[in-house]
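For reference, the structure is listed below as structure tokens.
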Amino acid sequence: MRCRDGLRADVRALVGYVALTLIFYAPLLLGVRSFPAGDFTDHFLPFSLFQRSELLAGRLPVWNPYTFAGHPFLADVQAAVFYPLSNVLLLLTLPWAAPEARLYWLQAEAALHVALAGFFTYLLVRELTDHPWAAFVAGAAFAFSGYLTGYPPLQLAVLRTAIWLPLLLWLLWRAFVPPARWRWWVVAALVYVVAFLAGHPQTFFFLSNVVAAWIVLLFVSAWCRPAAKRLTPARSLPRIAAFFLLSLALSAAQLWPSLEFTRLSVRANVDYAFLSGGFPVQDSWQMLLPGVLTVYSPLYVSVAGLGLAVLALWRLATAGGQLVLPARSPGPANVTVMAFFAGVTLFFLLVSYGGNGFLYALLYRWSAPGWKLFRGQERAAYIVAFGLSVLAGYGAVLLGTLPIRLRRLGVSGFAGLVIAGTILFSLVWQGANHTAVSDETFLAIAGVTLLWSVLFVALLWRGRLDSPQMLLLVTLVVADLFRANLTIDLAEGGPASRVAVPPELLALESAMRDDGGIEGVRGRVYNEYRVYDDYGMQARVEDVWGSSPLHLARYAALFEEFPLDRMWRLTGVEHVLTWRRELFEPSVLLAEFPQAKDTTYLHHLAEPNPRAWVVNTVRLAEDAAAVGLLADHSFDLETTALLAPGEGAGVPGGEPPASVLAPVGQNHLEMRRSAPNRLLIDVQSEHGGLLVVSENWMPGWQAFERGPAGGRRAVPVLRADLSFLGLPVPAGTTTVELVYWPASVRDGLFISVATLLFLLVLGLWQWRRHTRVARP
1 MRCRDGLRAD
11 VRALVGYVAL
21 TLIFYAPLLL
31 GVRSFPAGDF
41 TDHFLPFSLF
51 QRSELLAGRL
61 PVWNPYTFAG
71 HPFLADVQAA
81 VFYPLSNVLL
91 LLTLPWAAPE
101 ARLYWLQAEA
111 ALHVALAGFF
121 TYLLVRELTD
131 HPWAAFVAGA
141 AFAFSGYLTG
151 YPPLQLAVLR
161 TAIWLPLLLW
171 LLWRAFVPPA
181 RWRWWVVAAL
191 VYVVAFLAGH
201 PQTFFFLSNV
211 VAAWIVLLFV
221 SAWCRPAAKR
231 LTPARSLPRI
241 AAFFLLSLAL
251 SAAQLWPSLE
261 FTRLSVRANV
271 DYAFLSGGFP
281 VQDSWQMLLP
291 GVLTVYSPLY
301 VSVAGLGLAV
311 LALWRLATAG
321 GQLVLPARSP
331 GPANVTVMAF
341 FAGVTLFFLL
351 VSYGGNGFLY
361 ALLYRWSAPG
371 WKLFRGQERA
381 AYIVAFGLSV
391 LAGYGAVLLG
401 TLPIRLRRLG
411 VSGFAGLVIA
421 GTILFSLVWQ
431 GANHTAVSDE
441 TFLAIAGVTL
451 LWSVLFVALL
461 WRGRLDSPQM
471 LLLVTLVVAD
481 LFRANLTIDL
491 AEGGPASRVA
501 VPPELLALES
511 AMRDDGGIEG
521 VRGRVYNEYR
531 VYDDYGMQAR
541 VEDVWGSSPL
551 HLARYAALFE
561 EFPLDRMWRL
571 TGVEHVLTWR
581 RELFEPSVLL
591 AEFPQAKDTT
601 YLHHLAEPNP
611 RAWVVNTVRL
621 AEDAAAVGLL
631 ADHSFDLETT
641 ALLAPGEGAG
651 VPGGEPPASV
661 LAPVGQNHLE
671 MRRSAPNRLL
681 IDVQSEHGGL
691 LVVSENWMPG
701 WQAFERGPAG
711 GRRAVPVLRA
721 DLSFLGLPVP
731 AGTTTVELVY
741 WPASVRDGLF
751 ISVATLLFLL
761 VLGLWQWRRH
771 TRVARP
């Protein structure tokens with residue numbers, strides 16, 4: 001009966017979070033509003049459209065030719081190719097092909113994740129406290145916090161990753177509860193992998209730190225239990241090891257290619273100045289006064305939520321070991337768990353200041369594992385909002401255990417802190433004009449904050465904390481968060497207004513249709529910040545730019561104080577979208593588009609740069625020297641290619657100094673793309689040489705040569721001219737097939753699929769065994 005009652009309460013909670021989310025995002029879900037222009041529409045929507053087209057074509061989207069002169073799509077973890085939740089939604093909505101429909105369903109996906117964040121937090125706090133109302137307060141505070149409803153929905157990978165932490169903590173708690181069944185460890189590993197596949201490594205890194213600390217806490221607690229309920233180290237350590245090994249195996253399909261790509265990306269070597277961004281310390285005021293310093297208030301969990309968290313911390317500090325609270329299942333003492341979340345919240349609050357505080361500098365200086373990989377430490381506010389929400393749940397439980405005198409003392413003290421904090425902020429920051437709002441707006445925000453604190457005190461001042469009062473408390477938290485965050489990410493116009501094709505792209509597409517290209521492969525476009533960077537995936541136009549924070553470091557060197565005409569030559573540029581009316585290269589002005597600040601011009605180069613060419617000479621050069629040679633106009637790109645030391649062994653004739661491969665001769669090339677990751681090049685070469693293809697090099701490229709007499713043989717693929725493909729071709733007529741299918745993808749898929757099959761077979765075996773045992 002108790003189990004059935006608990007299940008009914010959980011179902012009611014889930015329905016409640018879905019209903020609140022439907023209200024919060026009603027303008028989006030009704031199609032009358034949309035998220036503002038930015039990464040959601042300009043980055044994640046093109047990702048989704050490209051993945052949809054590849055799935056419909058029956059291909060795994062491993063390579064994206066439309067950005068960065070070729071980009072390893074699957075290896076870019078933000079693409080979230082294997083994220084189960086978005087893939088299920090994508091498959092369910094495949095019939096809706098228009099970009100505006102895809103945008104609508106992506107926005108619906110973001111709303112779904114917010115509802116799940118609340119429910120997962122509810123499950124955790126209900127397990128910890130056995131108090132459904134307190135758990136619902138905690139879930140509402142996290143789901144509609146300033147963090148989760150702020151920029152994470154626009155940075156969809158952040159939201160996708162962040163929501164899984166409370167569910168993972170709940171599963172691990174269950175995994176340590178006697179009799180500590182293995183199935184909880186397996187499900188926890190699956191959820192951990194889903195969080196990784198969601199696509200935001202930094203958020204996953206923060207999550208992993210909390211998970212590791214949580215496992216240590218549960219392990220120590222299990223070890224110290226009475227002998228009758230003890231999970232000994234001999235039993236728990238193998239389970240912990242299996243959890244991490246299983247997570248590694250299941251994530252191999254994404255992890256292996258991503259590590260290979262990251263090692264070659266611009267993030268492989270970054271310094272403290274790049275990484276140490278974070279909140280100014282004064283942004284902490286937005287725990288109390290949302291919107292006074294910045295548009296987003298990621299630390300805000302409502303006045304009532306903050307009050308409950310403060311009350312929990314107050315009781316933790318004053319009562320300490322005398323606090324005894326019910327729990328749904330045996331585990332660490334509630335005092336210990338509260339101290340854990342208080343410590344985690346404080347730690348990540350200090351981290352969120354980045355270089356403006358002291359803790360991140362220490363982590364960086366001490367080379368703490370993982371802390372030198374990610375920039376934007378303000379995203380640690382994710383854990384702060386979550387920790388405050390859990391503590392708010394504990395505060396709601398503790399209110400019911402306090403004598404009326406202590407409860408009045410606690411809520412009165414919090415109200416005094418709110419008043420004092422508001423006055424102090426108005427005198428120091430608002431008075432010195434250090435805020436983002438006018439005096440009138442600040443007075444309105446301060447007045448509303450004081451009003452919420454008065455309502456909080458009035459609600460808790462007298463009477464028992466029964467269900468009607470807890471419902472009012474939930475209403476107080478939700479109403480405050482809706483008031484502060486409801487309109488932050490809502491822009492005028494529905495999805496159709498966000499995906500309208502700019503006139504610049506219409507003109508570009510028309511020009512490229514008229515030009516026709518060469519056998520389906522057109523010249524690339526150089527888009528000088530005139531339209532959004534990832535437009536190529538949606539318009540099926542190959543560009544030299546892109547917006548992913550991960551892109552190849554060697555390729556990026558061509559954009560750093562590098563002559564534009566040489567970069568255009570290497571990347572095969574044919575059209576230029578720019579603010580320049582006159583180019584330094586001969587060109588034809590096709591169209592111009594006056595704008596508020598300047599004018600966009602569309603040029604067609606008079607001599608389109610080739611996408612592939614044959615050279616008869618190769619030279620060895622380290623990468624730093626290669627950048628200088630490629631930028632030098634006296635270096636002839638038409639006849640000479642640069643290879644890294646060691647690459648020359650793949651050229652007939654062996655490693656230079658014998659750098660002349662063949663006499664200068666006539667060459668004719670025709671190039672076509674049969675799939676995003678597959679190129680076919682027909683080569684007619686008088687003397688042969690090295691074929692240079694303007695497509696970014698990655699370890700996964702393979703080449704096959706088909707001669708006029710038939711047959712197919714593999715040929716080596718070299719890294720030529722710093723970042724592009726090079727392969728030897730013989731004299732005469734031949735067809736070269738280039739395929740991007742890296743071993744990291746193949747082997748990673750094998751490991752992940754084999755592990756999943758093993759778990760499936762093991763689960764079926766266990767089910768059959770239990771079925772036989774259960775028979776009379």
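When we follow the numbering used here, the leftmost residue of the sequence shown carries the number 1, and every step to the right adds one.
Note that the Cβ used here is the ideal one computed from N, Cα and C, for glycine as well.
Note that this is a predicted model, so its numbers are computed, not measured.
Answer yes if the region 357–365 comes into contact with the region 285–304, meaning at least three C-beta pairs across the two stretches below 8 Å, and no otherwise. no
Contact check, V193 vs L759 under 8 Å by CB: the rounded distance? Residue mapping note: residue 193 aligns to position 193 of the sequence shown, counting from 1. Residue mapping note: residue 759 aligns to position 759 of the sequence shown, counting from 1. That pair is no contact at about 11 Å.
For a quick check, are the C-beta atoms of G305 and S236 less than 8 Å apart? In the sequence shown, the residue the question calls residue 305 occupies position 305. In the sequence shown, the residue the question calls residue 236 occupies position 236. Against a cut-off of 8 Å, the Cβ pair of S236 and G305 comes out as no contact.
Assign F340 to one of three DSSP states: helix, strand, or coil. In the sequence shown, counting from the first residue as 1, residue 340 sits at position 340. In the structure shown, F340 sits in a helix (DSSP, three-state: H, G or I).
Between the Cα of A731 and the Cα atoms of V753, E705, A720, which residue gives the shortest distance? Residue mapping note: residue 731 aligns to position 731 of the sequence shown, counting from 1. When each option's Cα is compared against that of A731, the closest is E705.
Roughly how many whole angstroms lie between the Cα atoms of I518 and L583? For the purposes of this step, residue 518 is identified with residue 518 of the sequence shown, where counting begins at 1. For the purposes of this step, residue 583 is identified with residue 583 of the sequence shown, where counting begins at 1. Caution is warranted here: a pLDDT of 40 is assigned to I518, below 50, making its placement in the model unreliable, and the coordinate value is therefore given only provisionally. Looking at the two C-alpha atoms, the distance is approximately 24 Å.
Going by DSSP in three states, T401 sits in which element: helix, strand or coil? What you label residue 401 is simply residue 401 of the sequence shown in a count that begins at 1. Coil.
Suppose contacts are defined by Cβ-Cβ distances below 8 Å. Is G278 in contact with G357 by that definition? Here residue 278 corresponds to residue number 278 of the sequence shown, with the count starting at 1. Here residue 357 corresponds to residue number 357 of the sequence shown, with the count starting at 1. Cβ distance < 8 Å, so G278 and G357 count as in contact.
The region 759–771 touching the region 711–725, judged by at least three CB pairs closer than 8 Å: no
N-terminal and C-terminal residue of the alpha helix (DSSP H) that I215 is part of: To locate residue 215, count along the sequence shown from 1; it is residue 215. From DSSP, the alpha helix (DSSP H) with I215 extends over 201–223.
State buried or exposed for V579, treating a residue as buried only when at least 16 other CB atoms are found within 10 Å of its CB. As a position in the sequence shown, residue 579 is number 579, starting the count at 1. The amino acid at residue 579 is misidentified as Val; the sequence shows Trp. W579 should be labelled exposed.
DSSP puts M671 in a beta bridge; with which residues? Residue 671 sits at position 671 when you count from the first residue of the sequence shown. Looking at the DSSP assignment, M671 forms a beta bridge with I681.
C-alpha distance - A312 paired with G395, whole-angstrom precision: The residue you call residue 312 lines up with position 312 of the sequence shown. The residue you call residue 395 lines up with position 395 of the sequence shown. The alpha-carbon atoms of A312 and G395 are separated by roughly 4 Å.
Thinking just about the alpha-carbon of each residue, which of L738, L124, P132, L30 is nearest to the one in R8? For the purposes of this step, residue 8 is identified with residue 8 of the sequence shown, where counting begins at 1. Taking only the C-alpha atoms, the option nearest R8 is P132.
What is the rounded straight-line gap between the Cα of V753 and the Cα of R746? Your numbering for residue 753 matches position 753 in the sequence shown. Your numbering for residue 746 matches position 746 in the sequence shown. Roughly 11 Å separates the two Cα atoms.
Please specify which runs of the alpha helix (DSSP H), each continuous and at least 4 residues long, are wholly inside the region 97–168, giving them in chain order. 99–129, 132–143, 156–162
Return the CA-CA distance between D632 and I445, expressed in angstroms with no decimal places. Here residue 632 refers to the residue found at position 632 of the sequence shown. Here residue 445 refers to the residue found at position 445 of the sequence shown. In a straight line, the C-alpha of D632 is about 59 Å away from that of I445.
Host alpha helix (DSSP H) of N87 (start-end): What you label residue 87 is simply residue 87 of the sequence shown in a count that begins at 1. Counting along the chain, the alpha helix (DSSP H) containing N87 begins and ends at 84–92.
Going by the C-beta, is A444 closer than 7 Å to any heavy atom of the ligand SAM? The model on display carries no ligand, and the ligand SAM is accordingly not part of it.
May I ask which residues mark the beginning and end of the beta strand (DSSP E) holding A591? Here residue 591 is taken as the residue at index 591 of the sequence shown, counted from 1. Per DSSP, A591 belongs to the beta strand (DSSP E) from 587–594.
Collapsed DSSP secondary structure at I518 in the structure displayed: Stepping through the sequence shown from its first residue, residue 518 is reached at position 518. The predicted model places I518 with a pLDDT of 40, which falls under 50 and marks its position as unreliable; any figure quoted below should be read in that light. Strand, per DSSP.
Hey, L777 and A111: beta-carbon distance below 8 Å or not? What is shown of the chain runs 1 to 776, which leaves residue 777 out entirely.
From the DSSP secondary-structure annotation, give me the bridge partner or partners of P728. In the sequence shown, the residue the question calls residue 728 occupies position 728. L690, per the DSSP bridge assignment.
Assuming F44 and N64 are in contact, meaning their beta carbons sit under 8 Å apart, how far apart are those beta carbons, in whole angstroms? Reading the sequence shown from its first residue, position 44 is the one you call residue 44. Reading the sequence shown from its first residue, position 64 is the one you call residue 64. Not quite, the Cβ-Cβ distance comes to about 14 Å (not below 8 Å), so this is no contact.
L757: buried (16+ other C-beta within 10 angstroms of its C-beta) or exposed? To locate residue 757, count along the sequence shown from 1; it is residue 757. Classification for L757: exposed.
Taking the C-alpha atoms as reference points, what is the distance between G410 and T21? Position 410 of the sequence shown holds residue 410. Position 21 of the sequence shown holds residue 21. Looking at the two C-alpha atoms, the distance is approximately 32 Å.
Where does H43 fall in DSSP's three states? Counted from its first residue, the sequence shown places residue 43 at position 43. Of the three classes helix, strand and coil, the one that applies to H43 here is helix, per DSSP.
By the three-class DSSP mapping on this structure, what secondary structure does L757 have? Taking the sequence shown and counting its residues from 1, the one referred to as residue 757 is at position 757. The answer is helix: DSSP assigns L757 an H, G or I state.
What's the gap between the Cα of R33 and the Cα of S685? Sequence index remark: in the sequence shown, residue 33 carries index 33 (1-based). Sequence index remark: in the sequence shown, residue 685 carries index 685 (1-based). One C-alpha to the other measures close to 57 Å.
Three or more C-beta pairs under 8 Å: does that hold for the region 678–692 against the region 728–743? yes
Stretch-stretch touch, CB-based, cutoff 8 Å, three pairs: the region 396–408 with the region 294–303: no
Is there contact between the region 251–267 and the region 73–91, where contact requires at least three CB pairs shorter than 8 Å? yes
Give a yes or no on whether the C-beta atoms belonging to L669 and A612 are separated by under 8 Å. Residue mapping note: residue 669 aligns to position 669 of the sequence shown, counting from 1. Residue mapping note: residue 612 aligns to position 612 of the sequence shown, counting from 1. A contact, by the Cβ cut-off of 8 Å.
Note down, in chain order, each residue of its chain lying with its Cβ closer than 6 Å to the Cβ of F47, except the 5 sequence neighbours on either side. The residue you call residue 47 lines up with position 47 of the sequence shown. Excluding residues within five positions, the ones whose Cβ falls inside 6 Å are A79.
Which partner residues does H575 have in the DSSP bridge list? Position 575 of the sequence shown, counting from 1, holds the residue named residue 575. H575 pairs with V525, H604.
Rounding to the nearest angstrom, what Cα-Cα distance links Y17 and S438 in this structure? Mapped onto the sequence shown, residue 17 falls at position 17. Mapped onto the sequence shown, residue 438 falls at position 438. Straight-line Cα distance between these residues: approximately 35 Å.
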